[in-house]
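Novice: Residue numbers (the numbering used here), protein chains in the order written: chain A, 27 to 564; chain B, 15 to 178. Quick one: this structure, given as structure tokens, is what I'll be asking you about.
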């Protein structure tokens, strides 16, 4: 058995059934050994998307997604995908081939110091210099990626190590790392303090972030909110924790969020942040959320607590575990009046849009689309105006809402949707992107065709990099600079070139029928919606 | 308000760890006033002594971010007043027969040692607190300094009865 065989055995032991990647000489031993395995390989068309696809898969399965690329440019191309996963704490295992270990540091063909280059975007990285380390390294890597605050782990393996004979393969059962023991259980004293604050609070609110989804704590938080009538708002990454039309859910906070959600958070007297980083897009003035209120910050990563806003009560641990512990206590207090006030805000503060009937109204379209989608459908939003419209108007039932929140990486939706579809072939998976972000990943239509991954894609076409244009509209008095997307291809011809079905929607008059037709098809469909180029998200 | 803080960081003695820790400071805009690294009694473990400064939030973040690094075994952090700090300095100076006596007197007062000399140069060694090292350097400022090498501060927390 050689190192490459051992890697495959490790992946099998971890229950990996698909690897997204792009081969090159330095990873060829791995791609040769994988032929003997039942693990499915998917040839992505650019390495960045291998990481995005693995991210989409991980967010559906709850297990680390795996991608494998070659050394040098293969490895450097994957960095944006890794950074995207890191920003949203998505568990990934990224295997990179490396040049012969004896040549490391001599700048030979396709050598890149990838462990050095990704240091600030990975939870951990390994450069394997001894073939016998492979089982331990993989065991640790999967453990690190999917525990504590989850994130990507990179394993760089020189080609000679992949080819070296491994003396004895035994996949370790236990992990022995003296430097890594994440806190899972919340401190009992802190939990008691939270309960005391809850009993005192008249206007409590929970703000959920992506950490709630990562710890699978949705059920616990919904049950808690319902039992004590505590309203819930979310960050972008927390969309989907609460069904959108849940009476206690008041929408996304932040500068692109719902006005009533921001007002609810500002007027609360007890704010419980769960699995959220208090980053600038969600909380533009962190000082405000500690004024006139008690801030409880629950996070599995102690470094997030107090980083941007000083909490009154810090509570380190896994959200699911903590809410299970909170559920054991009986708490006095009812907040019906507060909930009623927020419901009034929700109606009174609804944004009034004045769409031009000559175009597809993204708000009405997304609303209609999501009502027609299956209950457990997976909706993947890209980055740009389409993302903000999706966050605001997509109605999550029991499905998932995936997007690149922290990094805001354009081109995320199509590869991530592919990963999600591979993980859940029986669920509807729909990628919604703009004409800018579509062109960042449109090479993956070939991957979808080759590997029969029937993702449905909607392109909101407005011939602009809309989000930047909107910014230039507000901040530079409509002095547009480098945002015009003229020269974009005819999407009907693109669809035909890749053997895909195509639909074009010009306005809302036939949108309903078009969506029915779009959703009814089993195969991939590319739908183009013509959007008012001057439309704004706010 | 910024204040000085010492971090005594036990790390896995592996290649690349110094780079990761130093990178953490630069990436998050934390200051490094001095950094000294050496093996401990356990050859698998190195001790990094990092002197930094910042406001309360920064000081707390530095400790938390250090603890997040998977190669970091333990972080101890303390103020200068709670610790014994030492630094080693070697300084090479050019002397002549007029100031030779004066240099030797300064060395005697400061408990510095002349460790090497030639016809025109001498090398002086001092191991003391960072303040006294600075003082000696000031004393030599009027004489011609050729080269200076300093280790950076090493520090351990003062001995206490409940020490682990």
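Think of the CB as a built atom: it goes at the ideal place given N, C-alpha and C, for glycine as much as any other residue.
(1) Is the beta carbon of residue 442(A) closer than 7 Å to that of residue 29(A)?
(2) Can you tell me the Cα-Cα spacing of residue 44(A) and residue 281(A), whole angstroms?
(3) Identify whether residue 409(A) lies in helix, strand or coil by the three-state DSSP scheme.
(4) Hey, how far is the Cα of residue 130(B) from the Cα of residue 137(B)?
(5) Do residue 411(A) and residue 261(A) have their CB atoms nearer than 7 Å?
(6) At least one CB of chain A closer than 7 Å to the CB of residue 34(B): is that the case?
(7) Counting pairs of Cβ atoms below 8 Å between the segment 545 to 562 of chain A and the segment 519 to 536 of chain A, do you hit three or more?
(8) According to the Cβ coordinates, are residue 409(A) and residue 467(A) closer than 7 Å?
(9) Counting only C-beta atoms, is residue 28(B) closer than 7 Å to chain A at any point?
(10) Please classify residue 133(B): is it buried, with 16 or more other beta-carbons within 10 angstroms of its beta-carbon, or exposed?
(11) Hey, would you say residue 263(A) sits closer than 7 Å to residue 283(A), going by beta carbons?
(12) Which parts of the segment 45 to 103 of chain B are runs of the beta strand (DSSP E), unbroken and 3 residues or longer, counting only runs that do not cross its ends?
(13) Checking contacts by CB at 7 Å: is residue 84(B) closer than that to chain A?
(14) Counting contacts by CB-CB distance shorter than 7 Å, is residue 261(A) in contact with chain B?
(15) Please decide whether residue 329(A) counts as near chain B, where near means a Cβ-Cβ distance under 7 Å.
(16) Do the segment 84 to 91 of chain A and the segment 106 to 119 of chain A make contact, defined as three or more Cβ pairs closer than 8 Å?
(17) Considering residue 276(A), what are the terminal residues of the beta strand (DSSP E) in which it resides?
(18) Looking at residue 461(A) and residue 514(A), is the spacing between their C-beta atoms short of 7 Å?
(19) Can you list, in chain order, the residues of its chain with a C-beta nearer than 7 Å to that of residue 123(B)? Leave out the 5 residues immediately preceding and following it.
(20) Return helix, strand or coil for residue 487(A), following the three-state DSSP convention.
(21) Whose C-beta lies closer than 7 Å to the C-beta of residue 203(A) among residues of the same chain, with five residues either side of it excluded?
(22) What are the residues of the segment 72 to 92 of chain A that lie near chain B, defined by any Cβ-Cβ distance shorter than 7 Å?
(23) Within its chain, find whatever has a CB closer than 7 Å to the CB of residue 71(A); leave out the 5 residues flanking it on each side and keep chain order.
(24) Does the distance from the C-beta atom of residue 97(A) to that of residue 134(A) stay below 7 Å?
(25) Could you tell me the distance, in whole angstroms, from the CA atom of residue 182(A) to the CA atom of residue 140(A)?
(26) Tell me the rounded alpha-carbon separation between residue 149(A) and residue 543(A).
(27) Buried or exposed: which applies to residue 478(A), given that a residue is buried once 16 or more other Cβ atoms fall within 10 Å of its Cβ?
(28) What does residue 119(B) reach in chain A if we use C-beta pairs closer than 7 Å?
(29) Curious, which full-length beta strand (DSSP E) runs of at least 3 residues does the segment 312 to 372 of chain A contain?
(30) Using beta-carbon positions only, say whether residue 545(A) and residue 398(A) come within less than 7 Å of one another.
(31) I want to verify the contact list: residues of chain A whose CB lies under 7 Å from the CB of residue 74(B), in sequence order.
(32) Indicate whether the contact test is met: 3 or more Cβ pairs, each with one atom in the segment 419 to 433 of chain A and one in the segment 52 to 62 of chain A, closer than 8 Å.
(33) For the segment 51 to 72 of chain B, which residues have a CB atom closer than 8 Å to at least one CB atom of chain A, in sequence order?
(34) With residue 127(A) and residue 187(A) assumed to form a contact (beta carbons below 8 Å), what rounded beta-carbon distance in angstroms separates them?
(35) Within this structure, are the beta carbons of residue 259(A) and residue 247(A) separated by less than 7 Å?
(36) With distances taken from CA atoms, which of 116(B), 121(B), 163(B) and 98(B) is nearest residue 170(B)?
Specialist: So, from the data block:
(1) No.
(2) Whole-angstrom Cα-Cα distance: 38 Å.
(3) Here DSSP, grouped into helix, strand and coil, assigns residue 409(A) to coil.
(4) The C-alpha of residue 130(B) lies about 5 Å from the C-alpha of residue 137(B).
(5) Residue 261(A) is positioned such that its CB atom lies no closer than 7 Å to that of residue 411(A).
(6) Interface residue, yes.
(7) The segment 545 to 562 of chain A, when compared against the segment 519 to 536 of chain A, does touch it at the 8 Å Cβ threshold.
(8) Using a Cβ distance threshold of 7 Å, residue 409(A) and residue 467(A) do not count as a contacting pair.
(9) By this cut-off, residue 28(B) is not an interface position.
(10) Here residue 133(B) is exposed. Its C-beta has fewer than 16 other C-beta atoms within 10 Å.
(11) The Cβ atoms of residue 263(A) and residue 283(A) lie no closer than 7 Å to each other.
(12) Counting only runs of 3 or more, we get 48 to 53, 59 to 68 and 86 to 92.
(13) For residue 84(B), the answer is yes, since a Cβ of chain A falls inside 7 Å of its Cβ.
(14) By the rule that beta-carbons nearer than 7 Å mark a contact, residue 261(A) does not touch chain B.
(15) Closer than 7 Å: yes.
(16) Judged by pairs of C-beta atoms under 8 Å, the segment 84 to 91 of chain A touches the segment 106 to 119 of chain A, as three or more such pairs exist.
(17) First-last of the beta strand (DSSP E) with residue 276(A): 275 to 278.
(18) In contact: residue 514(A) and residue 461(A) (Cβ atoms closer than 7 Å).
(19) So no residue of the chain qualifies.
(20) If DSSP states are grouped into helix, strand and coil, residue 487(A) belongs with the strands.
(21) Excluding the 5 residues flanking it on each side, residue 203(A) has same chain C-beta neighbours closer than 7 Å at 166, in chain order.
(22) Going along the segment 72 to 92 of chain A in chain order, one finds no residue with a Cβ nearer than 7 Å to chain B.
(23) Cβ neighbours of residue 71(A) beyond the five flanking positions: 469, 470, 472 and 473.
(24) No, Cβ-Cβ distance for residue 97(A) and residue 134(A) is not below 7 Å.
(25) For residue 182(A) and residue 140(A), the distance between alpha carbons rounds to 8 Å.
(26) Rounded to whole angstroms, residue 149(A) to residue 543(A) spans 43 Å at the Cα level.
(27) Residue 478(A) is exposed by the Cβ-count criterion.
(28) Taking the beta carbon of residue 119(B) as reference, no residue of chain A falls within 7 Å; the closest one sits roughly 50 Å away.
(29) Listed in chain order, they are 320 to 325 and 339 to 342.
(30) Yes, these two residues count as a Cβ contact at 7 Å.
(31) Those within 7 Å of residue 74(B) in chain A are 332.
(32) For the pair of segments examined, the segment 419 to 433 of chain A was found not to touch the segment 52 to 62 of chain A: the number of CB pairs separated by less than 8 Å stays below three.
(33) Residues are counted here when their Cβ sits less than 8 Å from a Cβ of chain A; for the segment 51 to 72 of chain B these are 71, given in chain order.
(34) About 6 Å separates the beta carbon of residue 127(A) from that of residue 187(A), a gap short enough to meet the 8 Å contact definition.
(35) Not in contact: residue 259(A) and residue 247(A) (Cβ atoms no closer than 7 Å).
(36) The residue among 116(B), 121(B), 163(B) and 98(B) with its C-alpha nearest the C-alpha of residue 170(B) is 98(B).
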